[in-house]
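Asks: Counting with the working numbering, you get residues 7 to 489 for the letters of the sequence shown. Let me give you the structure first, and then I'll get to my questions.
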Amino acid sequence: MRKINEECGIFGIYCNKQQQDVASLAYYGLYALQHRGQEACGITVNDDGIFTTYKDRGLVNEVFTHNHLAALGKGNMAVGHVRYGTAGGNGRENAQPIVVNHIKGSMAICHNGNLTNSYELRTALEEQGSIFHSTSDTEVIAYMITKERVSCKSIEEAVTRAVDKIEGAYSLVIMSPSKLIAVRDKNGFRPLCYGKRADGSYVVASETCALDAINAKFIREINPGEIVEFSEEGITTITEHCKKREPSFCVFEYIYFARPDSVMNGISVHNARLRAGAFLAEEYPVVADVVIGVPDSGIDAAVGYSRASGIPYEIGFIKNKYIGRTFIVPGQKTREDKVRIKLNVIKEVVANKRVVLVDDSIVRGTTSARIVNLLREAGAKEVHMRITAPPFTNPCYYGTDIDSKEYLIACQHTNEQIRDIIGVDSLGYLSIENARRLAGDNVKGFCTACFDGNYPTSIPKHTSKHRFERKISENKAENEENN
Numbered sequence: 007m008r009k010i011n012e013e014c015g016i017f018g019i020y021c022n023k024q025q026q027d028v029a030s031l032a033y034y035g036l037y038a039l040q041h042r043g044q045e046a047c048g049i050t051v052n053d054d055g056i057f058t059t060y061k062d063r064g065l066v067n068e069v070f071t072h073n074h075l076a077a078l079g080k081g082n083m084a085v086g087h088v089r090y091g092t093a094g095g096n097g098r099e100n101a102q103p104i105v106v107n108h109i110k111g112s113m114a115i116c117h118n119g120n121l122t123n124s125y126e127l128r129t130a131l132e133e134q135g136s137i138f139h140s141t142s143d144t145e146v147i148a149y150m151i152t153k154e155r156v157s158c159k160s161i162e163e164a165v166t167r168a169v170d171k172i173e174g175a176y177s178l179v180i181m182s183p184s185k186l187i188a189v190r191d192k193n194g195f196r197p198l199c200y201g202k203r204a205d206g207s208y209v210v211a212s213e214t215c216a217l218d219a220i221n222a223k224f225i226r227e228i229n230p231g232e233i234v235e236f237s238e239e240g241i242t243t244i245t246e247h248c249k250k251r252e253p254s255f256c257v258f259e260y261i262y263f264a265r266p267d268s269v270m271n272g273i274s275v276h277n278a279r280l281r282a283g284a285f286l287a288e289e290y291p292v293v294a295d296v297v298i299g300v301p302d303s304g305i306d307a308a309v310g311y312s313r314a315s316g317i318p319y320e321i322g323f324i325k326n327k328y329i330g331r332t333f334i335v336p337g338q339k340t341r342e343d344k345v346r347i348k349l350n351v352i353k354e355v356v357a358n359k360r361v362v363l364v365d366d367s368i369v370r371g372t373t374s375a376r377i378v379n380l381l382r383e384a385g386a387k388e389v390h391m392r393i394t395a396p397p398f399t400n401p402c403y404y405g406t407d408i409d410s411k412e413y414l415i416a417c418q419h420t421n422e423q424i425r426d427i428i429g430v431d432s433l434g435y436l437s438i439e440n441a442r443r444l445a446g447d448n449v450k451g452f453c454t455a456c457f458d459g460n461y462p463t464s465i466p467k468h469t470s471k472h473r474f475e476r477k478i479s480e481n482k483a484e485n486e487e488n489n
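Encoded structure:
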């Protein structure tokens, strides 16, 4: 079942008081960000410079039992991460936070995004003697900062130097023995914000829904290129990298990645999706009896389509919320069963009706075809599919797991052919122009490279998600041949 997968979610908390239950607060924050990554998760707690970490593969509530949280202990800082890997495999070694112990102390780092020059940086570091324990690009960032830290007076100076050398998408939370640092790349590809709790604690998170989960009041977003430091002295900002590039916020955050109750760039994600549905109703009107959305990200847009078109909205699918991405599919023949177990049609809503079906994207087309088939079997007379994203025609190098045109149905077929392949009566994609209008005038620049090929940075030479695994394999083969 191929869908566009999330990237990662990051979280950090800094308390002015020692010995707080920061592990539990991080747990609740990560729970709110679970939609951004379901492969692995982890938390590191800082107790006066002593770091304690627990991380593993799985969902937040699976990895962290009461005993695991208790074992993390109390402290005045914590960072946490939920992972869907866009660089490196899904083994436990790639779970975050990544903790580095160096001559000037310890550092924990969590990363959302994808570097475009990680292969070259890692190669250079390995040639200088660095030993890597994972195959994620986050460890490259950790080494770059650590390398600078040896000759710098402070962690923030080391971070400032390091971000001059890394390229691509990176929202970071970094924890030193005495400071919490938030960093956002110069393009602002991925979201990052911070807020404050009533007890004076500062909280950094990928989305505002994580602030809400622990009763933190949203203060503002971290600006593209900005470094924000939280310490005993208060808040310090470093802005020398700001405004060096035009902002390129990922438009797919509004379409799919973010939770509907989050606010990004001052715009509710829920309202942006309502607007997407309304745009689709204007671009692709149709005579129909009912509008339904594919859970979860298609529902808000379906409501928007209904309001704009006047066609009644109904709940057409019931989603089994107990199936995660770790649901086992033993073989190819059972993929259809997975769709049936995950989604079930309410037959009374669609039987003998002309249905408008709203979803967020079409990647390979196989999942869309199976969903349409479920509607046909339930008695739908017509199915008109409306997609809240433009067609995917290019790889993404900034944190979405599309690393090749090979998997993209829109690169191989025309819209009419896709319509026939997935079995719908009509098909309409949101235009790129309207995709850029989802946030109104609040966002000055979007990244739409996966739709139009206009990349805001240089294109990396090595693009495979498993580029570091392949690198290790190639080096091993070369060494064996030389020996």
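Here a beta-carbon is modelled for each residue, glycine too, at the ideal position from N, C-alpha and C. Quick caveat, the model's predicted, so the values are computed rather than measured.
Evaluate the contact criterion for the segment 16-26 versus the segment 207-219: three or more CB pairs, one atom per stretch, below 8 Å.
Replies: Touching, per the Cβ criterion.
Asks: Provide the residue span of the beta strand (DSSP E) that contains Ser-237, from first to last.
Replies: By 1-based counting over the sequence shown, the position of residue 237 is 231. Residues 233-237.
Asks: Suppose contacts are defined by Cβ-Cβ distances below 8 Å. Is Gly-304 in contact with Val-351 by that definition?
Replies: In the sequence shown, the residue the question calls residue 304 occupies position 298. In the sequence shown, the residue the question calls residue 351 occupies position 345. Against a cut-off of 8 Å, the Cβ pair of Val-351 and Gly-304 comes out as no contact.
Asks: Return the chain-ordered list of same chain residues with a C-beta closer than 7 Å to the C-beta of Asn-358, the five sequence neighbours on each side being excluded.
Replies: Counting from one through the sequence shown, the residue named residue 358 turns up at place 352. Within the same chain, Asn-358 has close Cβ partners Gly-385 and Lys-387.
Asks: With contact counted as at least three CB pairs below 8 Å, one residue from each stretch, are the segment 265-273 and the segment 213-230 in contact?
Replies: Contact between the segment 265-273 and the segment 213-230 is present, because at least three Cβ pairs lie under 8 Å.
Asks: Please classify Lys-325: does DSSP put it in a helix, a strand, or coil?
Replies: Taking the first residue of the sequence shown as position 1, residue 325 is located at position 319. Strand at Lys-325.
Asks: Just how far apart, CA to CA, sit Asn-22 and Thr-129?
Replies: Here residue 22 corresponds to residue number 16 of the sequence shown, with the count starting at 1. Here residue 129 corresponds to residue number 123 of the sequence shown, with the count starting at 1. Asn-22 and Thr-129: Cα-Cα distance of roughly 40 Å.
Asks: Going by DSSP in three states, Asp-143 sits in which element: helix, strand or coil?
Replies: Here residue 143 refers to the residue found at position 137 when the sequence shown is read from its first residue. In the structure shown, Asp-143 sits in a helix (DSSP, three-state: H, G or I).
Asks: On the three-state DSSP scale, how would you describe Ser-312?
Replies: Counting from 1 along the sequence shown, the entry for residue 312 is found at position 306. The answer is helix: DSSP assigns Ser-312 an H, G or I state.
Asks: Using three-state DSSP, classify Glu-45 as helix, strand or coil.
Replies: Sequence index remark: in the sequence shown, residue 45 carries index 39 (1-based). It is coil, neither helix nor strand.
Asks: Once DSSP output is grouped into helix, strand and coil, what is the label at Ser-207?
Replies: On the sequence shown, residue 207 is found 201 positions in, with the first residue counted as 1. In the structure shown, Ser-207 sits in coil (DSSP, three-state: anything other than H, G, I, E or B).
Asks: Between the Cα of His-87 and the Cα atoms of Val-169, Lys-110 and Gly-48, which residue gives the shortest distance?
Replies: Counting from 1 along the sequence shown, the entry for residue 87 is found at position 81. His-87 has its Cα closest to that of Gly-48, out of Val-169, Lys-110 and Gly-48.
Asks: Apart from the five residues on each side of it in sequence, which residues of its chain come closer than 7 Å, Cβ to Cβ, to Ala-222?
Replies: Within the sequence shown, the letter at position 216 stands for residue 222. Correct list, in chain order: Gly-201, Lys-202, Arg-203 and Val-209.
Asks: Return the first residue and the last residue of the beta strand (DSSP E) that Glu-101 is part of.
Replies: Indexing the sequence shown from 1 puts residue 101 at position 95. It should be noted that the sequence gives Ala, not Glu, for residue 101. Note, Ala-101: premise wrong, no beta strand (DSSP E); not H, not E.
Asks: For Phe-224, which residues does DSSP report across the bridge?
Replies: Along the sequence shown, one-based indexing puts residue 224 at 218. DSSP output for Phe-224 lists Gly-201 as bridge partner(s).
Asks: Just the C-alpha distance for Leu-36 and Val-293, rounded to the nearest angstrom, thanks.
Replies: Residue mapping note: residue 36 aligns to position 30 of the sequence shown, counting from 1. Residue mapping note: residue 293 aligns to position 287 of the sequence shown, counting from 1. Roughly 43 Å between the two C-alpha positions.
Asks: Taking all protein chains shown into account, decide if Lys-249 is buried (16 or more other Cβ within 10 angstroms of its Cβ) or exposed.
Replies: Indexing the sequence shown from 1 puts residue 249 at position 243. Under this definition Lys-249 is an exposed residue.
Asks: Out of Asp-365, Ile-424, Leu-381 and Ala-284, point me to the one whose CA is closest to Asn-440's CA.
Replies: Mapped onto the sequence shown, residue 440 falls at position 434. The option with the nearest alpha carbon to Asn-440 is Ala-284.
Asks: Would you please state the rounded distance, in angstroms, between the beta carbons of Gly-434 and Ile-465? I believe it to be under 8 Å.
Replies: Translated into the one-based positions of the sequence shown, residue 434 becomes position 428. Translated into the one-based positions of the sequence shown, residue 465 becomes position 459. Actually they do not touch by this definition, with Cβ atoms about 30 Å apart.
Asks: Give the DSSP-derived three-state secondary structure of Arg-331 in the structure shown.
Replies: Within the sequence shown, numbered from 1, the residue matching residue 331 stands at position 325. Caution is warranted here: a pLDDT of 47 is assigned to Arg-331, below 50, making its placement in the model unreliable, and the coordinate value is therefore given only provisionally. Residue state, collapsed to three classes: coil.
Asks: Quick check on the DSSP output: what are the complete alpha helix (DSSP H) runs of length 4 or more inside the segment 118-198, in order along the chain?
Replies: Within the segment 118-198, the complete alpha helix (DSSP H) runs of at least 4 residues are 124-133, 143-155 and 161-169.
Asks: Could you please give me the residues that DSSP links to Cys-116 through a beta bridge?
Replies: Taking the sequence shown and counting its residues from 1, the one referred to as residue 116 is at position 110. Cys-116 pairs with Val-179.
Asks: For the pair the segment 223-237 and the segment 401-419, tell me if three or more CB-CB distances fall below 8 Å.
Replies: Not touching, per the Cβ criterion.
Asks: Classify Arg-98: buried if its beta carbon has 16 or more other beta carbons within 10 angstroms, exposed otherwise.
Replies: By one-based count along the sequence shown, residue 98 stands at place 92. By the 10 Å Cβ count, Arg-98 comes out exposed.
Asks: Whose C-beta lies closer than 6 Å to the C-beta of Glu-154 among residues of the same chain, with five residues either side of it excluded?
Replies: What you label residue 154 is simply residue 148 of the sequence shown in a count that begins at 1. Only Ala-164, Arg-167 and Ala-168 meet the Cβ criterion.
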